[in-house]
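S.K.: Please read through the structure below; I'll follow up with questions.
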Amino acid sequence: MDNFSASVTPKRGVLFNLLPAFYFLVLLFFIRSSVQDNNTTLLLLAEGGLAALCYLFFYNSFFKKYFYKINVYLLIFYATYYLIFGYNFGLSFFQTLTYFAIIFSNIIIATVVSSKNNFLTIKHFIASLLFLTFFVVFIPTYLSVQSLELGAFYNFTDKSLLTVTTMDSPLIAALLLLLSGYDIFFNKKFTLLNFLSAAFALYILMLFSRRGFILSSILSFSFYFLYIKVKKNWLVYALLLFLFLPLFWDTLSTYLVLIADNSIFSKLILRNDTETLLSATGRASAWANILEVFLQFKSKLMLGFHGRIPAEFFPSTDENGRYEHAHNTFLQLFLEGGYFMNIIFLLMLIFSLRNYLKARKVNSNYHNFYFILLIFMLNISATETLIRYVQFTNFIFCFVLVAFNVSNYQVIKSKT
Numbered sequence: 001m002d003n004f005s006a007s008v009t010p011k012r013g014v015l016f017n018l019l020p021a022f023y024f025l026v027l028l029f030f031i032r033s034s035v036q037d038n039n040t041t042l043l044l045l046a047e048g049g050l051a052a053l054c055y056l057f058f059y060n061s062f063f064k065k066y067f068y069k070i071n072v073y074l075l076i077f078y079a080t081y082y083l084i085f086g087y088n089f090g091l092s093f094f095q096t097l098t099y100f101a102i103i104f105s106n107i108i109i110a111t112v113v114s115s116k117n118n119f120l121t122i123k124h125f126i127a128s129l130l131f132l133t134f135f136v137v138f139i140p141t142y143l144s145v146q147s148l149e150l151g152a153f154y155n156f157t158d159k160s161l162l163t164v165t166t167m168d169s170p171l172i173a174a175l176l177l178l179l180s181g182y183d184i185f186f187n188k189k190f191t192l193l194n195f196l197s198a199a200f201a202l203y204i205l206m207l208f209s210r211r212g213f214i215l216s217s218i219l220s221f222s223f224y225f226l227y228i229k230v231k232k233n234w235l236v237y238a239l240l241l242f243l244f245l246p247l248f249w250d251t252l253s254t255y256l257v258l259i260a261d262n263s264i265f266s267k268l269i270l271r272n273d274t275e276t277l278l279s280a281t282g283r284a285s286a287w288a289n290i291l292e293v294f295l296q297f298k299s300k301l302m303l304g305f306h307g308r309i310p311a312e313f314f315p316s317t318d319e320n321g322r323y324e325h326a327h328n329t330f331l332q333l334f335l336e337g338g339y340f341m342n343i344i345f346l347l348m349l350i351f352s353l354r355n356y357l358k359a360r361k362v363n364s365n366y367h368n369f370y371f372i373l374l375i376f377m378l379n380i381s382a383t384e385t386l387i388r389y390v391q392f393t394n395f396i397f398c399f400v401l402v403a404f405n406v407s408n409y410q411v412i413k414s415k416t
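Counting in UniProt numbering, the sequence shown runs from 1 upward without gaps.
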């Protein structure tokens, strides 16, 4: 049984069940405002205000005693990341401090709510993500596109929508697929809500033609199932390999371009634009260019590129800025913060995974639904850039990692 979804939980009503949806809605709204206006002040005020409310109303002794112990590596990572990024790309000290303050507020919120047992269960997250997927992702996008053909939502953006980047909407749907699938397969909750949520999330991902997200979800379920069955510690650390590998679907995408139009699989991953060989291999081209420099291990790149990231790293044909970043979290961190940033990032992840193994040692029956979300995040990190500025993906990655660490620390401390 998932330690965050105990069979007996207090009934708090529909509105309480949608608390995660409320938080994500606030995030999406103020992230959009800050991106469009190029002003993060409103996002800082919103995040800071929510963090203060969480602290005042949901504060607990566990938070006070272990907050910094749980988040020390995460705080070091983000403080270092924004300082180096600010230095390299000419941000003012105030702007750098603002970025960190925003993510610090997110860490406070995630720590407070996830440290209260049965406060937010997996059911709450599924209900919230289903609400967001239907009302924030599906309805607004359909009204704009006016088509339900598979692939019709591919790479669609509109300034009137709450979702700013092409990653935001598929990420919400993917999280719904992961949690509802987790509740079905590992918590054995064969409910109508779970089955409808999983089916709807998969359909949404097909509308967005996000084959990477679908296959990442499959890999995440497979990896988690393998670890639960085999129970080998090295498998947990093997998750870090996802950061370095250009996962197989992007290699296969070259060949998918050549598949006949009447192929069943081709129809399932159909996109609403004419997919060219360049768009199929754009990531691989950028990876090859960046890795060539990365493997030279130049000392001057210890803190990344100062001033600008070389444009020649990316394909010359640019689809609305689609190739302006590495499409790999680890390599993007190298570009923005150098080898030093890569080291801090890996240490943060190793610390988190080590504590998960400690928790499993204390309680061999311990499960943590945030773990499968983290597996997915590390998985998708191979083909997408999750940690950037004040993007929604950055906040979700941070929230998942904090909640994962809090859950592990609670089990570890229960022994003492």
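Note that CB positions come from ideal geometry on N, CA and C, so glycine has one too.
With contact counted as at least three CB pairs below 8 angstroms, one residue from each stretch, are the segment 215-224 and the segment 373-392 in contact?
M.R.: yes
S.K.: Please list, in chain order, all residues of the same chain as PHE392 whose beta carbon is under 6 angstroms from its beta carbon, the five residues on each side excluded.
M.R.: ILE31 and ASP168
S.K.: Using C-beta distances below 8 angstroms, list every residue in its chain close to GLU312, excluding the 5 sequence neighbours before and after it, in chain order.
M.R.: Within the same chain, GLU312 has close Cβ partners ASN289.
S.K.: In angstroms with no decimal places, state the Cα-to-Cα distance between SER414 and PHE62.
M.R.: 11 angstroms
S.K.: Determine the direct distance from the alpha carbon of TYR366 to that of TYR227, and round the result to whole angstroms.
M.R.: 13 angstroms
S.K.: Which full runs of the alpha helix (DSSP H) of 4+ residues lie inside the segment 94-154, going along the chain?
M.R.: Residue ranges of uninterrupted alpha helix (DSSP H) with 4 or more members, entirely inside the segment 94-154 and ordered along the chain, are 122-132 and 139-145.
S.K.: What does the alpha-carbon distance come out to for the pair TRP234 and GLY48?
M.R.: Annotation: TRP234 to GLY48 spans about 39 angstroms, alpha carbon to alpha carbon.
S.K.: Taking the alpha helix (DSSP H) that PHE190 belongs to, which residues open and close that run?
M.R.: It is not in any alpha helix (DSSP H) - PHE190 carries neither H nor E in the DSSP assignment.
S.K.: Taking 8 angstroms as the cut-off, decide whether the C-beta atoms of ILE344 and ILE76 are in contact.
M.R.: In this structure, ILE76 lies closer than 8 angstroms to ILE344 by Cβ.
S.K.: Just confirm the distance between the C-beta atoms of PHE119 and THR141, as a whole number of angstroms; I'd bet it's less than 8 angstroms.
M.R.: In fact, because the Cβ distance is near 32 angstroms, the residues do not count as touching under 8 angstroms.
S.K.: Spell out a yes or no on whether the segment 92-106 and the segment 142-154 are touching, meaning 3 or more CB-CB pairs, one atom from each, closer than 8 angstroms.
M.R.: Result no; under three Cβ-Cβ pairs closer than 8 angstroms.
S.K.: Would you give the residue range spanned by the alpha helix (DSSP H) that PHE221 belongs to?
M.R.: 211-230
S.K.: Could you pull out every residue in the same chain whose Cβ sits closer than 7 angstroms to the Cβ of LEU401, ignoring the five residues on either side in sequence?
M.R.: LEU74, SER352 and LEU374
S.K.: Touch check for the segment 51-68 and the segment 188-196: three-plus C-beta pairs under 8 angstroms?
M.R.: As far as the Cβ criterion goes, the segment 51-68 does not touch the segment 188-196, which means the pair count is below three.
S.K.: Look at the alpha carbon of HIS306 and the alpha carbon of VAL390, and state the distance between them as a whole number of angstroms.
M.R.: 20 angstroms
S.K.: Give me, in chain order, the residues of the same chain whose beta-carbon lies closer than 8 angstroms to that of ILE84; leave out the 5 immediate sequence neighbours on both sides.
M.R.: LEU303, GLY304, GLU336, GLY337, GLY338, PHE340 and MET341
S.K.: What does the alpha-carbon distance come out to for the pair ALA201 and TYR78?
M.R.: Cα-Cα distance, rounded: 31 angstroms.
S.K.: Between the Cα of LEU241 and those of ALA21, ILE350, SER364 and LYS300, spot the shortest distance and give me the residue it belongs to.
M.R.: ILE350
S.K.: With three or more C-beta pairs closer than 8 angstroms as the rule, is the segment 123-134 touching the segment 170-181?
M.R.: yes
S.K.: Helix, strand or coil for ALA51? Go by DSSP, reduced to three states.
M.R.: helix
S.K.: Considering only C-alpha positions, which residue in the set PHE94, ALA359, SER407 and PHE135 is nearest to THR41?
M.R.: Closest option to THR41, Cα to Cα, is PHE94.
S.K.: What do you get for ARG308, buried or exposed, if any count of 16 or more other CB atoms within 10 angstroms of its CB means buried?
M.R.: exposed
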